[in-house]
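Visitor: Let me give you the structure first, and then I'll get to my questions.
2 protein chains.
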Amino acid sequence: MPVAHAAKTEPRPRKGIRTRESILRVAVDLASVEGLEGLTIGRLADELRMSKSGLFAHFGSKEDLQLATTKMAREIFVEHIIRPALAEPEGIGRLLKLCHGWLSHVEGHVFKGGCFFTAASFEFDSRSGPVRDAIADAMKSWLSVLERAIDVAKKARHLKASVNAEQFAFEIYSLAMGANWALQLLDDKTAMSKARQNILHRIKAVTTPSCPTIKL
Amino acid sequence: MPVAHAAKTEPRPRKGIRTRESILRVAVDLASVEGLEGLTIGRLADELRMSKSGLFAHFGSKEDLQLATTKMAREIFVEHIIRPALAEPEGIGRLLKLCHGWLSHVEGHVFKGGCFFTAASFEFDSRSGPVRDAIADAMKSWLSVLERAIDVAKKARHLKASVNAEQFAFEIYSLAMGANWALQLLDDKTAMSKARQNILHRIKAVTTPSCPTIKL
């Protein structure tokens, strides 16, 4: 390909990338409300008032679209919850920041229909294929982030050495999942404060005397 | 209507009821795997190798079918989990029997694709209408059963008077929901034993000295 031609066509993919991103942000919201399985190229085209053929240029199939949407949801999650926590110094503060960011995101509807991944998990958990694998991978990765934050807090001697990081991460995860469920299905406005209290209570029960005062 | 005619036609509705029940048991399993939203009269007819018109005689619409399926799932849940626990004497034993039955049902796949209600909850939580209301009603009722069992254990002086039954029921609920999720999505075989340990640990932390020895 001649250099001049490459230079002329260069801006197009960049614009394409921006468009693809903005499409996917709408797709994430739509999937969080109507389910990832209901996310078809036709349904998304309706929502965006775009032609189906325009969308087919970005995503070749429903599965491609679902995979790209899952990837985008993961990026949004990293941006809003994980990155701000990693900016905290190592120790209990990082774990609390992760829990706080996570609960705020469920509460504040970063994703329009509640937590994208919890909803997608239950939708795809009895199936097989690349979409289920992508969701499971994102969730395993999130559990690992929580687990590492617990280990870091143990090393900083903020949490007792006897804490089983894997078991404890799973417990915190379950409490937040329960709150998401009660908020979404039962419209229980107290769900988030119940989860905050439960999580804080559980963390306080395993802090050491040298741990700074904590709140959530 | 002449009495003789009524006597002659009497067996038909009874047979009809049995057929409807057996259809709905298949529908519950199917919905637990593929989702309640995916449960259409056409899909169920395929699964049962019945004609769509035969099914339309039982259920007038997709929504009717979804509502009847939810009702059947609720009856199965009561039969397998709640009724055996209510046969226990009042006290900690009843609460443990409820938790045990519930975890065993998640583990043992009473519903083919895992817990029908958890899956349906996340599918319908961002929608409105009678199906969502029926699911929310079933779940509220289950939380109340757990809550009453905690109150009964408090009255029997097996659990501390300071326990907040609503908060504690929600905590136990979340831990089991987390286990269901990890088992289904991550195929985590340790999820159920983690949930058992977590729940047992949480109950033990609030028992009184007069509480009998507990295990789960």
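Residue numbers (the numbering used here), protein chains in the order written: chain A, 1 to 216; chain B, 1 to 216.
Every residue, glycine too, gets a C-beta built ideally from N, C-alpha and C.
(1) Compute the Euclidean distance between the alpha carbons of GLU34 of chain B and SER22 of chain A, then round it to the nearest angstrom.
(2) Beta-carbon within less than 7 Å of HIS100 of chain A's beta-carbon, same chain only, minus the 5 sequence neighbours each way: which residues are those?
(3) Which residue marks the beginning of the alpha helix (DSSP H) containing ILE82 of chain B, and which one marks its end?
(4) Is the number of C-beta pairs between the region 39-49 of chain A and the region 119-134 of chain A that are closer than 8 Å three or more?
(5) Looking only at its chain, what residues have a beta carbon closer than 7 Å to the beta carbon of LEU96 of chain B, apart from the 5 residues adjacent to it on each side?
(6) Going by DSSP in three states, THR207 of chain A sits in which element: helix, strand or coil?
(7) Quick check on GLU107 of chain A - is its C-beta less than 9 Å from some C-beta in chain B?
(8) Compute the distance between the beta-carbons of ARG94 of chain B and ALA161 of chain B, then report whether it is under 9 Å.
(9) Hey, VAL28 of chain B and THR69 of chain B are a contact pair by Cβ (cut 8 Å); roughly how many whole angstroms apart?
(10) Taking 8 Å as the cut-off, is the C-beta of ILE23 of chain A nearer than that to any heavy atom in the ligand ZN?
(11) Distance, Cα to Cα, ASN164 of chain A vs SER32 of chain B?
(12) Which bits of chain B does ILE135 of chain A rub up against, with CB to CB less than 9 Å?
(13) Is THR69 of chain B close to chain E? Criterion is C-beta to C-beta, closer than 9 Å.
(14) Which chain B residues sit within Cβ distance under 9 Å of GLU47 of chain A?
(15) Can you tell me the Cα-Cα spacing of ALA134 of chain A and GLU88 of chain B, whole angstroms?
(16) Going along chain A, which residues have a C-beta under 8 Å from GLU21 of chain B?
(17) Name, going along the chain, the residues of the region 165-181 of chain A whose beta-carbon falls closer than 7 Å to a beta-carbon of chain B.
(18) Give the secondary structure of LEU159 of chain B by DSSP, where H, G and I count as helix, E and B as strand, and everything else as coil.
(19) Since THR118 of chain A is in the alpha helix (DSSP H), which residue starts that stretch and which ends it?
(20) Answer yes or no: do ALA136 of chain A and LEU36 of chain A have a C-beta to C-beta separation smaller than 9 Å?
(21) Please list the partners that GLY129 of chain A has in chain B, where partner means a Cβ-to-Cβ separation under 9 Å.
(22) Is it right to say ALA169 of chain B is buried, meaning 16 or more other beta carbons lie within 10 angstroms of its own, or is it exposed?
Guide: Inspection of the coordinates gives the following:
(1) Within the second sequence, numbered from 1, the residue matching residue 34 of chain B stands at position 34. Within the first sequence, numbered from 1, the residue matching residue 22 of chain A stands at position 22. In this model, GLU34 of chain B and SER22 of chain A are separated by some 30 Å (Cα to Cα).
(2) Sequence index remark: in the first sequence, residue 100 of chain A carries index 100 (1-based). Here HIS100 of chain A has LEU216 as same chain residues with Cβ atoms under 7 Å from its own Cβ, once five neighbours each way along the sequence are excluded.
(3) As a first step, residue 82 of chain B is located in the second sequence; it is residue number 82 there, counting from the start. Here ILE82 of chain B belongs to no alpha helix (DSSP H), and DSSP marks it neither H nor E.
(4) These segments do not touch.
(5) Residue 96 of chain B sits at position 96 when you count from the first residue of the second sequence. If we look at LEU96 of chain B and ignore the five residues flanking it on each side, its Cβ neighbours are ILE214 and LEU216.
(6) Here residue 207 of chain A is taken as the residue at index 207 of the first sequence, counted from 1. THR207 of chain A falls in the strand class under three-state DSSP.
(7) As a working mapping, residue 107 of chain A is identified with position 107 in the first sequence. With respect to chain B, the C-beta atom of GLU107 of chain A has no partner C-beta closer than 9 Å.
(8) Position 94 of the second sequence, counted from the first residue, corresponds to residue 94 of chain B. Position 161 of the second sequence, counted from the first residue, corresponds to residue 161 of chain B. No, the pair does not count as a contact, with Cβ atoms beyond the cut-off.
(9) For the purposes of this step, residue 28 of chain B is taken as the residue at position 28 of the second sequence. For the purposes of this step, residue 69 of chain B is taken as the residue at position 69 of the second sequence. At roughly 6 Å, the Cβ-Cβ gap stays under 8 Å, so VAL28 of chain B and THR69 of chain B are in contact.
(10) Ligands are entirely absent from the displayed structure, and the ligand ZN is therefore not among its contents.
(11) On the first sequence, residue 164 of chain A is found 164 positions in, with the first residue counted as 1. On the second sequence, residue 32 of chain B is found 32 positions in, with the first residue counted as 1. Rounded to whole angstroms, the separation of the alpha carbons of SER32 of chain B and ASN164 of chain A is 33 Å.
(12) Taking the first sequence and counting its residues from 1, the one referred to as residue 135 of chain A is at position 135. Under the 9 Å cutoff, chain B gives LEU185.
(13) Included in the structure are the protein chains A and B, with no chain E among them.
(14) Counting from one through the first sequence, the residue named residue 47 of chain A turns up at place 47. Close to GLU47 of chain A, with beta-carbon spacing below 9 Å, lies no residue of chain B; the smallest spacing is near 15 Å.
(15) Here residue 134 of chain A refers to the residue found at position 134 when the first sequence is read from its first residue. Here residue 88 of chain B refers to the residue found at position 88 when the second sequence is read from its first residue. ALA134 of chain A and GLU88 of chain B: Cα-Cα distance of roughly 44 Å.
(16) Taking the first residue of the second sequence as 1, we reach residue 21 of chain B at position 21. Annotation: GLU21 of chain B has no Cβ neighbours in chain A at a cutoff of 8 Å; minimum Cβ distance is about 23 Å.
(17) Taking 7 Å as the upper bound on Cβ-Cβ separation, chain B lies near residues GLN167, PHE170, GLU171, TYR173, SER174, LEU175, MET177, GLY178 and TRP181 of the region 165-181 of chain A.
(18) Taking the first residue of the second sequence as 1, we reach residue 159 of chain B at position 159. Assignment of LEU159 of chain B by DSSP, reduced to helix, strand and coil, places it in the strand class.
(19) Reading the first sequence from its first residue, position 118 is the one you call residue 118 of chain A. 116-124 is the extent of the alpha helix (DSSP H) around THR118 of chain A.
(20) In the first sequence, residue 136 of chain A corresponds to position 136, counting from 1. In the first sequence, residue 36 of chain A corresponds to position 36, counting from 1. It is not a contact, given that the beta carbons lie outside the stated cut-off.
(21) For the purposes of this step, residue 129 of chain A is taken as residue 129 along the first sequence, with counting starting at 1. Going along chain B, no residue has its Cβ under 9 Å from GLY129 of chain A, so there is no contact; the nearest lies around 13 Å.
(22) Sequence index remark: in the second sequence, residue 169 of chain B carries index 169 (1-based). Counting of Cβ neighbours within 10 angstroms places ALA169 of chain B among the buried residues, the total reaching 16 or more.
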